[in-house]
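Protein chains in written order, with the working numbering: chain A, 498 to 715; chain B, 3 to 486; chain C, 3 to 616; chain D, 9 to 308. Cβ coordinates follow ideal geometry from the N, Cα and C atoms, glycine included. Just so you know, these numbers come straight off a predicted model, no measurement behind them. Below: the structure, in structure tokens.
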């Protein structure tokens, strides 16, 4: 029962990632991220079942609130300020992104099968799922032009790692996990501010213009 | 010990609350002095571990803490004068002529103090999780410092710094998780460095290896090992010089400390050759990449930044070579911190007068700024490892480690990189320092001279005399890192 | 020993004082020059005593630098070089006191600081018996001389010279790093005593490292490129110290270190002779074609270093072929030539400095007829010129004679297959001797003889006593050292008394005959009509001073013969350009796009994961 | 010792005769009567009695030139063995001293020429210096071959012992040729230089001493004659060492040989023209190569 629930949630997560890869509407992406945060909160409850209930509650609540509510709010504010709606002309097109996503999924699954995983891991799908999210996060950062997309990619990467964490680690004091969450929060907060500044400085948030500092001979 | 990292945070908060610039500057100086005082006291008094062993000050931490504290003292002195000079209103950018304004001073000083606090925390934390949090916090607290001059180039630098380091640090987080997995069921408290070292024999090898890789890449991004160094030249060149000095001299060492902590565990677990191979490879690659960009570099602050990449490579190489190389690497860390901070502060003086960061725009610095010019030339000799300065013994020790270990190829590559970098730097530094003065001699206020002068004297002294307590400390540390 | 250390300390202290009290140029000059001269005089006495006493002193103190110890040793070799360093430097310091005093408005404190530091570090180099101490002193020496070379850095040529000097010497030191570390590999410390027990690497590799590292400092031919640039750029008293003494530390290093490398193979001596003969011939050919008096002297230093190196090659061949007589002649000739070259080359540089300072130009073709205006300088320069050409009865001849004799002995006493190096020595020495005479008759003749080529030269006058006396002392030393050579050398190597004695008797006989002839001439001309007239112009009615034979036309017959080697370009510069271009190819790595920077991280991660864990 | 002194005396007195013989030989070939054999003696006696005229440009270097030049040649003449008997002074490596003494003479002659400030004398000095620099390796390598053959390092023992060149004839001829070319070059004879020319532009040695007069010129002329004797004695010593004979017979034979050499030089001067200046360096370098070859084929 628990196993099935976990599997379902992981599959949902994977689907959100694929959607992130395939969509050009930044607003939609932010919503997807919010949904991921929510899913992760729920997953935390399932994955950490044997642990301390207070700990589980704090963790779940923390991730839901931060990842599901605060980050999306911050990001959509930045989006509103920036007057950008879509990711136009990414380095890797959306179709190709989806294909790459499929390939990454395959790699993640095969890698997950080869690594000697600890038994305590709830489901065999969790670890490949987490790896997949990390890949997708990297992919988004590398292939998208707008600064906002990169923050989104970073969040996906962070979510993947977080998923790894809640799956792998059980008997850890809560302080660190909260510290992690807080840190990510501050990171996103400052990135949001930066996006605001970038928008003000350059009129739009494409990082193409953030490429003046270089050592290539003209 | 709590005071040691607690009061900078308190000071940082206060800085936001204070009304006048003057009181904030006094606060900055007071915090720097107090921090230095406490650090010195820590050499005398053995501090007990706090917070269930999460915080403790071992010799390694103390060494790096001392460096941070000394550098911060110098930087604070410099910053007070610097902030007084930087005017408040709109400033004309000397490169592109656009107007920009500076960050509010409250933010700057507050972030400086936060930065100090987080770096202190890095040296104190004995738990990998906390270490991760602290290192990530240093990124966050220093990003606004890089964006002091609010124009688009420093924004770009800050953005790259933030994004790349965050990505790296995310991998380090994953590495920390793997470390937990590796340590599960071994007994002892997981993730506490000391306990992991004690029970290292039971750690799970593959997980530990994976964890080391991830942490090396994660913290290596922050430390500036090639090819993960890409943020470093941008951030160092665009930040105010005083911040660059802290970034290069203190922050990079913090990341190095993070790697050393993992190395301690891996060495205890018998992964010595695995660790050493990786570090040697990264070290040589960093030196080579630094050579590529130093030769013919047109921007002297970027040149200094690449030189940091080089020196981080040398340190990694030293640790990777093992034996006496570790001692050399640690001594290198000490000397590099002092020398590089001194160079960045001097570069700040030159930048202030010549209003350009391009090498070709600076001529006759020895005549226009006699003291800074002399420091600039001396700094060149320091950073290239010429006797009688402190980087000579350390680089020599690393060379000896390489040849004693029979790594002739490594030694040759090491010497070749050093030679290339020397040639590249000789052109840049001498071109700037010598020649006819384009303008009459400029006055040099004491605050701009004294900090680099003292740092430079430190490097000179270390080149002629390594105090016994330092030798003892370095030997203690190198034993924990696998030296016989 | 303690006295020597004291004088080193004294030099450093007065140097610092000169820097501190640089408010007035005269004051710092007084402190710096007096300190240098006094410190050098004390050190010279101590060194001379150690050389004559012949017993070895050493002092060893612990030092906290890794692998270092403050281990110094004063043996005959060190004492010999100490005397050289202190003696020449003292005279150059006195000369410099006047040289720097006029027409230079800016501060001299720094110049004296570096001058005294240079002397002190050179002394330390020859005393050091620990590799780290040696390297520190060595590099200090290079740096001090670098700052002296660039003391007139408004001139772009000086800056360029300084830069190439600094790079060359630093690269040379890099080879020494590797050499010393490899030598000390088998032992824990890097004291010289520990070397040689079992060298950690093939000894030929070590030898090559030593030749390269020390050869750069000495100015051996493939590594000499910095020398003709740097020596002219420096103020003349510094050029004198650099050319006369500092480049000899490279020779010292070879003589000191090579015995630790184990039994020399025959190829080592051959290599030294090859490089030495190349340096000698190349150096003198370049010197011949120079227009600039100081460059000419600098190239002549390359030539003389070549002669010394040939002597060292004979020494090594003697050792490896088991012929003590041969090795003795080679080593003694080389060391004696070190001493002699130090004396006459510093004399020539001081003379050139006096001329340059008075006439304001370094171009030979703008001078002329200075002997009448500067008789002291001219006479001293003439003695130096004759000595550097290896002519009896002066000192340069004696040392070349020993090396020649070594080569002839080698041909006589060794089987035919090993003749080649010695034949090269003889041919090179003979050719170089003739060319040196050509070169220095050109230099002396064009500068001092004939009539002035510019109006400005007509009104020149002699330099003051502080510049004159050091030259006079050095000129007297050229004669004295030739006569004293048998006795001084015989103190160290009794076997040399015989051959040298006869040479000196011949030289003295020549002097006596010359004096007698001069008397006869005086007697013949007394009471007869001695008139003056214009030089006979071979029928041309209106000769002017501009029609005199110039330096370039004088050297033309030889220069046109050897045009090919003389036009060979400097190969280091193009090599560096190629290397630089190669490095710049990798510049695209830092292209400015943050996306790809993240990609680097990802690729590194994946590659390492697959490689190290897969 | 007595013989050596006698030989030295012969050198000092008979050397001007060599030039007379050469001139007479040339005159004979040209079908003229020519100068008296003792012409140079007359010249010297006349010059020594004269006063002197100096150029205003010159300094003491100009006056020192002839003195030092003659002194060094005089000293050198004490080093050369004659007729198979040791010379007055002999020691290992004395031939090096000999070469260097000749170099010293040249050095000061050149300086004296440059002291006049005349472009013609400068030109002669330049040529003299260049050609002698090329001749020096040939001489010293030849002597190396002789030293190798005899196993000795002093002229007196190298040129004294009767050498069984016999089956090693190539080495002998090579050395003889090389030293002969050096002899011609050093003494300004045809084909290197023409002492009889009247055009300053083509002169080498003569043009250098144009400004000397009186006793100075006498010193120079006498020095030149002595130099010819010295190198001639060396050449005779190499080709026909008369060691092992009765000293008196040896002396007579040697005297005959050196006079014969003068005749031979005269014959060459009559039959050959002076070489173009650009052809002289190849000649001298060729001599050096001959000497090198001799060194390689010579065996002790």
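| Query | Result |
| --- | --- |
| Going by the DSSP bridge assignment, what does residue 94 (chain B) pair with across the sheet? | B:101 |
| I'd like the list of long-range same chain contacts for residue 130 (chain C), defined as Cβ closer than 7 angstroms, with 5 residues on each side in sequence excluded. | 74, 136 and 139 |
| State the DSSP-derived secondary structure class of residue 251 (chain C), mapped to helix, strand or coil. | helix |
| By DSSP's criteria, residue 132 (chain C) is part of a beta bridge. Which residues make up the other side? | C:193 |
| On the DSSP bridge assignment, give the partners of residue 535 (chain C) in chain order. | D:63 |
| Identify the residues that DSSP records as bridge partners of residue 16 (chain D): which are they? | BP columns for residue 16 (chain D) are empty, so no partner. |
| For residue 70 (chain B), which residues from the same chain have a beta carbon less than 6 angstroms from its beta carbon, with the 5 sequence-adjacent residues on both sides left out? | 121 and 252 |
| CA-CA distance, residue 653 (chain A) and residue 128 (chain B)? | 29 angstroms |
| Using a Cβ-Cβ distance cut-off of 9 angstroms, determine whether residue 394 (chain C) contacts chain D. | yes |
| Using the Cβ count rule (16 or more neighbours within 10 Å means buried), how would you classify residue 577 (chain C)? | exposed |
| Which same chain residues, not among the five before or five after residue 509 (chain C), have their C-beta less than 8 angstroms away from its C-beta? | 394, 395, 399, 484 and 485 |
| In terms of residues, what are the limits of the beta strand (DSSP E) holding residue 438 (chain B)? | No beta strand (DSSP E) holds residue 438 (chain B); DSSP gives it neither H nor E. |
| On the DSSP bridge assignment, give the partners of residue 74 (chain C) in chain order. | C:61 and C:130 |
| What distance in whole Å lies between the Cβ atoms of residue 245 (chain D) and residue 89 (chain D), which are believed to be in contact at a cut-off of 8 angstroms? | 6 angstroms |
| Between which two residues does the alpha helix (DSSP H) harbouring residue 458 (chain C) extend? | 457–460 |
| Which residues of chain A have a Cβ atom closer than 7 angstroms to the Cβ of residue 168 (chain B), listed in chain order? | 651 and 684 |
| Just how far apart, CA to CA, sit residue 63 (chain B) and residue 299 (chain B)? | 35 angstroms |
| Tell me which residues of the region 514–536 of chain C have at least one Cβ-Cβ distance to chain D shorter than 7 angstroms, keeping chain order. | 515, 516, 519, 520, 523, 526, 527, 530, 531, 532, 533, 534, 535 and 536 |
| Quick test of your reading: residue 241 (chain B) and residue 150 (chain B), contact by CB under 8 angstroms. State the CB separation rounded to the nearest angstrom. | 7 angstroms |
| Going by the CB atoms, is the gap between residue 95 (chain B) and residue 37 (chain B) shorter than 9 angstroms? | no |
| Residue 54 (chain B): buried (16+ other C-beta within 10 angstroms of its C-beta) or exposed? | exposed |
| If you measure between the beta carbons of residue 385 (chain B) and residue 357 (chain B), is that distance less than 9 angstroms? | no |
| How should residue 533 (chain C) be labelled, buried or exposed, when 16 other C-beta atoms within 10 angstroms of its C-beta is the threshold for buried? | exposed |
| Using the Cα positions of residue 220 (chain B) and residue 657 (chain A), report the straight-line distance between them to the nearest angstrom. | 16 angstroms |
| I'd like to know if residue 228 (chain C) contacts chain B, where contact means its C-beta is closer than 9 angstroms to some C-beta of that chain. | no |
| Between residue 549 (chain C) and chain D, is any beta-carbon pair separated by less than 9 angstroms? | yes |
| Of all the options C:553, C:601, C:556 and C:519, which has the alpha carbon lying nearest to the alpha carbon of residue 81 (chain D)? | C:519 |
| What residues in its chain sit with their C-beta under 6 angstroms from that of residue 6 (chain B), if we drop five residues either side in the sequence? | 40 and 122 |
| Can you give me the C-alpha to C-alpha distance between residue 94 (chain D) and residue 129 (chain D), rounded to a whole angstrom? | 39 angstroms |
| Taking C-beta to C-beta, are residue 243 (chain D) and residue 23 (chain D) nearer than 9 angstroms? | no |
| Touch check for the region 317–329 of chain C and the region 346–357 of chain C: three-plus C-beta pairs under 8 angstroms? | no |
| Are the C-beta of residue 276 (chain C) and some C-beta of chain D separated by less than 9 angstroms? | no |
| If the criterion is Cβ atoms closer than 9 angstroms, does the pair residue 28 (chain D) and residue 46 (chain D) meet it? | yes |
| Distance check for residue 319 (chain B) and residue 331 (chain B), CA to CA, integer angstroms please. | 8 angstroms |
| Can you find a CB in chain D that lies within less than 9 angstroms of the CB of residue 374 (chain C)? | yes |
| Quick check: the Cα distance between residue 307 (chain C) and residue 118 (chain D), rounded to an integer number of angstroms? | 26 angstroms |
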